[in-house]
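Chemist: Input: one structure, supplied below.
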Amino acid sequence: MKKVSLLAASVAIALAGCGGSDGDSSTSPSPSGVTITGFDGYFNQAVVFDDKDNNGILNIGSDTIFGLTNDQGQIEISGDISGVLALQTLTPGGTVQTALANHDSSKYAGKYTIDMDHPAQAMAHELVFRAPTSSDVISPITDLVAIEMAKGTDAAPVTEEEAVAIVSTALGGTDEAPIDPYSDFVSGADANAELHKTAQILTESKAANPTTYEEKSDQFAKEADAIVDTLTSDQLADNDLKPVIGDNAAPGEDLDPVVVTNNKLVVTASVLETEQGKIPTLEENGSSSNIVLDIAGLFVDKDQTLITPTLTHNIPAESGIAVTLNGDTLTLVASDYIGASGEFTVTLTAEDKNSTPEVVGSAIATFKVKIEAANSIPTVDYAEYDLLQAEINNWQLEVGVPFEQTINIENLFTDKDGDIVSYRTGSMTIPGLTVSPQEGTNPIITISGTPTKATAADASEAFMVGGVDNEDAAAYQEMLMPQVAEGVVPEPDLHPLEGKTWYMLEHGSSNGENEQDYASIWCDSIKFENGIVLGNVRSIANKTTCSAADTQTENATYEVIDGKLFATFEFVEDGQNLVETFQVEVFEDADDISGGAKTIIHRMQDATEESAERYTYFSNKADIEKRINVTSEMGPDARYFAAYLPAEQDLTYNLGAISLALKENSNSNDSNVMDADLSFDVPNNDFTCATINEFFSGFYFTGEDIGSVQSIDYNGTPIECYTNEENGVNYASVDFDLPALTVNNVYSVIGKVKDSDGEYLEAVKFNIEWTGTGNNE
Numbered sequence: 003m004k005k006v007s008l009l010a011a012s013v014a015i016a017l018a019g020c021g022g023s024d025g026d027s028s029t030s031p032s033p034s035g036v037t038i039t040g041f042d043g044y045f046n047q048a049v050v051f052d053d054k055d056n057n058g059i060l061n062i063g064s065d066t067i068f069g070l071t072n073d074q075g076q077i078e079i080s081g082d083i084s085g086v087l088a089l090q091t092l093t094p095g096g097t098v099q100t101a102l103a104n105h106d107s108s109k110y111a112g113k114y115t116i117d118m119d120h121p122a123q124a125m126a127h128e129l130v131f132r133a134p135t136s137s138d139v140i141s142p143i144t145d146l147v148a149i150e151m152a153k154g155t156d157a158a159p160v161t162e163e164e165a166v167a168i169v170s171t172a173l174g175g176t177d178e179a180p181i182d183p184y185s186d187f188v189s190g191a192d193a194n195a196e197l198h199k200t201a202q203i204l205t206e207s208k209a210a211n212p213t214t215y216e217e218k219s220d221q222f223a224k225e226a227d228a229i230v231d232t233l234t235s236d237q238l239a240d241n242d243l244k245p246v247i248g249d250n251a252a253p254g255e256d257l258d259p260v261v262v263t264n265n266k267l268v269v270t271a272s273v274l275e276t277e278q279g280k281i282p283t284l285e286e287n288g289s290s291s292n293i294v295l296d297i298a299g300l301f302v303d304k305d306q307t308l309i310t311p312t313l314t315h316n317i318p319a320e321s322g323i324a325v326t327l328n329g330d331t332l333t334l335v336a337s338d339y340i341g342a343s344g345e346f347t348v349t350l351t352a353e354d355k356n357s358t359p360e361v362v363g364s365a366i367a368t369f370k371v372k373i374e375a376a377n378s379i380p381t382v383d384y385a386e387y388d389l390l391q392a393e394i395n396n397w398q399l400e401v402g403v404p405f406e407q408t409i410n411i412e413n414l415f416t417d418k419d420g421d422i423v424s425y426r427t428g429s430m431t432i433p434g435l436t437v438s439p440q441e442g443t444n445p446i447i448t449i450s451g452t453p454t455k456a457t458a459a460d461a462s463e464a465f466m467v468g469g470v471d472n473e474d475a476a477a478y479q480e481m482l483m484p485q486v487a488e489g490v491v492p493e494p495d496l497h498p499l500e501g502k503t504w505y506m507l508e509h510g511s512s513n514g515e516n517e518q519d520y521a522s523i524w525c526d527s528i529k530f531e532n533g534i535v536l537g538n539v540r541s542i543a544n545k546t547t548c549s550a551a552d553t554q555t556e557n558a559t560y561e562v563i564d565g566k567l568f569a570t571f572e573f574v575e576d577g578q579n580l581v582e583t584f585q586v587e588v589f590e591d592a593d594d595i596s597g598g599a600k601t602i603i604h605r606m607q608d609a610t611e612e613s614a615e616r617y618t619y620f621s622n623k624a625d626i627e628k629r630i631n632v633t634s635e636m637g638p639d640a641r642y643f644a645a646y647l648p649a650e651q652d653l654t655y656n657l658g659a660i661s662l663a664l665k666e667n668s669n670s671n672d673s674n675v676m677d678a679d680l681s682f683d684v685p686n687n688d689f690t691c692a693t694i695n696e697f698f699s700g701f702y703f704t705g706e707d708i709g710s711v712q713s714i715d716y717n718g719t720p721i722e723c724y725t726n727e728e729n730g731v732n733y734a735s736v737d738f739d740l741p742a743l744t745v746n747n748v749y750s751v752i753g754k755v756k757d758s759d760g761e762y763l764e765a766v767k768f769n770i771e772w773t774g775t776g777n778n779e
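Laid out in structure tokens, this is it:
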């Protein structure tokens, strides 16, 4: 095998009478490469290949294809040449062009060769030109050398030197002035108009005599040289003048030349460019109006006056776009809905007639129609998925054992019309593990945490990942996780409120069976366990007793996020399904109120206005029940209860006491029968009615037989409050003037805190039974 150094070789093809389309590659050869030039006129988008069996045919699938030339006829190639260098010209819809497009549509669909001597039109013939591996050019002249060498046999080979001599002689060269077949006769220092025209004639003649040209190539060369000798300098410079040599002799006989003068049918570049500019880029799923092109003067031929082109195109029917040709008017008919995308070609082909007139070829003008695709959603690369899944399958997971692994999903998703710009993850089914980040531009996905539960034998574990394109379309893929093996389950880090039953006092009108006309104080219980909020089912008994938190109502659930507990309740109100979530915030321990108790703030989430309310959560059931089992005849110690009361400095509290008393009215100035009092006392500190009025909106004494009675001062203000002094310290008393009460009835004492202060002070909440005997000590 003879090698040619092609590590970065630039093949420049300049072939007269040939053509190309809008070139794709660079016009500058690599400075470190070998420049191989082909001509008669530079080929744009001709295929350069290794003709391994030197048969002058491009064998797709066996010959090595290097690619397409640029508008200077150049291409950078690499590799070894095992046969000869060859160049294949392409025509729109031609046999070879179609086969190449079927072989690799991404490279060759819609590609055809343009002879840069006629840059406005496509090549009329599909031809192959060759050159020996020692040559740095490919042209119809080097093709003669390659043909002569191929005529040799094993017994009588034709060397390259012998073939060059034969070609030189045929073209009129002598020993003293030989013809160099490897010179660049198109441009530069070796430019030669006679040899250029000879190459043009050989190109046309090879196309006209496909069965006899190679057999009689030296005779065609002699005849071409003879024709060139008869031409004037103007005719030599006229690229449209392309005499064609015909052969009336049969194969095996000497050439019987018939020379027909032909002025090449050409495409007018200015007309083509102007009309192409009228075709806008269309959009898939869009619409179009009529696009009308005037092709008058598009084709020009000195040998004929009436030129009637034929129309072909490859725009698919689903585009809704029809193409018509009526005289000099080419129309792309309007479409209400364009249901296709891609780059398409409308082709006009006209016959090239010589002076006989006889059809000797054709000229092709093409218009490009581009329909941009609508956005396509990303897709999953399942080969990459298999690799990632195999990686994940090797992970080992065990309950109680910390775990962290990463995967790179950069190549998992592809988007044919854009880029994958971000990645997403979904929730993990394995308790204790998380997947991050939820969304971002980093394709590195981290799976971490400590599994807390083994996978059941018949279950599977998984998480989701997604790829998002530049138009926010996404594709998703489930990734399967290995099963989690049994292990030592670590004790969970519980929130301080989890796993215990808590008791609290609440005021409300619902008694569990119906709505009262007044509010009462109830003991409600609550328990946060395994994500479920349990509570008691309220009944009348809860006015004096606390019951177990053993029922999930209103689909109540909770979750702990960053150490904060959030409870969510679902309920129906006025025919609407509603959901409310509030944070259960532990403000501080309240052991001074009751051992193990905690001060809690309920904060509503997503509310239009900030809403919060303070509670005391009791863990000791007996302590909280004392506050709802007060009787009127009890001594003072049984009617005094510890409470955190506001101090003089904002957001500070003193431990004080609230006492309540109920007795028959002994004040002659009061017209009511009964009297109740609430006293607020902070040892060694003043606590006055000013503080009562600052924080409370009203005080109420309620019961089944009296409804709701509000404490109202004689002047009409909402609270009848008196600041009293004892041992030099002030304390505040709230007075209720009440009607007659029913013996053995349980009544509620409620002090409502202003909405704005709900998180700073808990409401006053007690129940007291009128036994018929009062005690005001």
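Heads up: take any position in the sequence shown, counting from 1, add 2, and you land on the numbering used here. Glycine included, C-beta positions come from ideal geometry on N, C-alpha and C.
1) Using 8 angstroms as the cut-off, can you tell me whether the segment 509-522 makes contact with the segment 703-713, which would need three or more C-beta pairs spanning the two stretches below that distance?
2) Does DSSP put PRO259 in a helix, in a strand, or in coil?
3) Note down the Cα distance separating SER512 from GLY637, rounded to an integer number of angstroms.
4) Taking C-alpha atoms, which residue in ASP55, ASP227, PRO318 and ASN747 lies nearest to LYS545?
5) How is the beta strand (DSSP E) around VAL98 delimited, first residue to last?
6) Bridge partners for VAL574 per DSSP, in chain order?
7) Are the Cβ atoms of THR368 and LEU390 separated by less than 9 angstroms?
8) Which same chain residues end up closer than 8 angstroms to GLU666 when comparing Cβ atoms and leaving out the 5 residues on each side of it in sequence?
9) List the whole-angstrom C-beta distance separating VAL188 from ALA165, where the pair is believed to meet the contact cut-off of C-beta under 8 angstroms.
10) Output the boundary residues of the alpha helix (DSSP H) element that contains MET151.
11) Where DSSP assigns a beta bridge to LEU435, which residues make up the other side?
12) Between the alpha carbons of VAL98 and THR234, how many angstroms are there, rounded?
13) Between ALA734 and ILE694, how many whole angstroms is the CB-CB distance? I'm expecting something under 8 angstroms.
14) For the beta strand (DSSP E) that contains ASP354, what are its first and last residues?
15) CB ASP419 to CB ASN377, shorter than 9 angstroms?
16) Could you tell me if SER397 is buried or exposed, where buried requires 16 or more neighbouring beta carbons within 10 angstroms of its beta carbon?
17) Using CA atoms only, rank isn't needed, just tell me which of LYS767, ASP73 and ASP683 is closest to GLU728.
18) So who's on the other strand from ASN732, going by DSSP bridges?
19) Going by DSSP in three states, TYR339 sits in which element: helix, strand or coil?
20) Select from ALA342, PRO94, VAL169 and PRO404 the residue whose C-alpha is nearest the C-alpha of ALA201.
21) Specify, as a first and last residue, the run of the alpha helix (DSSP H) that THR693 falls within.
22) Look at PHE530 and TYR560 and say whether their C-beta atoms are less than 9 angstroms apart.
23) Which parts of the segment 247-310 are runs of the alpha helix (DSSP H), unbroken and 4 residues or longer, counting only runs that do not cross its ends?
24) Give the C-beta separation of ASP65 and PHE45 to the nearest angstrom, bearing in mind that I take them to be a contact with Cβ-Cβ under 8 angstroms.
25) Extract the residue ranges of the alpha helix (DSSP H) inside the segment 621-683, only unbroken runs of 4 or more that lie entirely within it.
26) Do the CB positions of VAL294 and LYS280 come within less than 9 angstroms of each other?
27) Decide if PHE415 is buried, meaning its Cβ has at least 16 other Cβ atoms within 10 Å, or exposed.
28) Leaving out five residues before and five after ASP330 in sequence, what residues of the same chain have Cβ atoms less than 7 angstroms from its Cβ?
29) Taking contact to mean at least 3 C-beta pairs separated by less than 8 angstroms, is the segment 154-164 in contact with the segment 109-121?
30) Hey, out of ALA599, TRP772, ARG426 and THR452, whose CA is closest to GLY705's CA?
31) Kindly give me the distance between the Cβ atoms of VAL562 and HIS604, rounded to whole angstroms, as I take these residues to be in contact under 8 angstroms.
32) Can you check which of these residues, ASN631, ILE660, GLU590 and GLY363, is closest to ALA645 by C-alpha distance?
33) Skipping 5 residues on each side, what residues in its chain have a beta carbon closer than 8 angstroms to that of VAL423?
Modeler: For this structure:
1) yes
2) strand
3) 31 angstroms
4) ASN747
5) First-last for VAL98: 97-105, but that is the alpha helix (DSSP H), not the beta strand (DSSP E).
6) ASN579
7) no
8) VAL675, MET676, ASP677 and GLY776
9) Not a contact, Cβ separation roughly 22 angstroms.
10) 142-152
11) GLY451
12) 37 angstroms
13) 5 angstroms
14) 344-355
15) yes
16) One detail in the question is off: residue 397 reads as Trp in this sequence, not Ser. TRP397 should be labelled exposed.
17) ASP683
18) GLU727
19) coil
20) VAL169
21) 691-697
22) yes
23) 271-278
24) So it is not a contact: roughly 18 angstroms between Cβ atoms.
25) 623-628
26) yes
27) buried
28) ASP296, ILE297 and ALA298
29) no
30) TRP772
31) VAL562 to HIS604, Cβ: 16 angstroms. No contact.
32) ILE660
33) THR443, VAL470, ASP471 and ASN472
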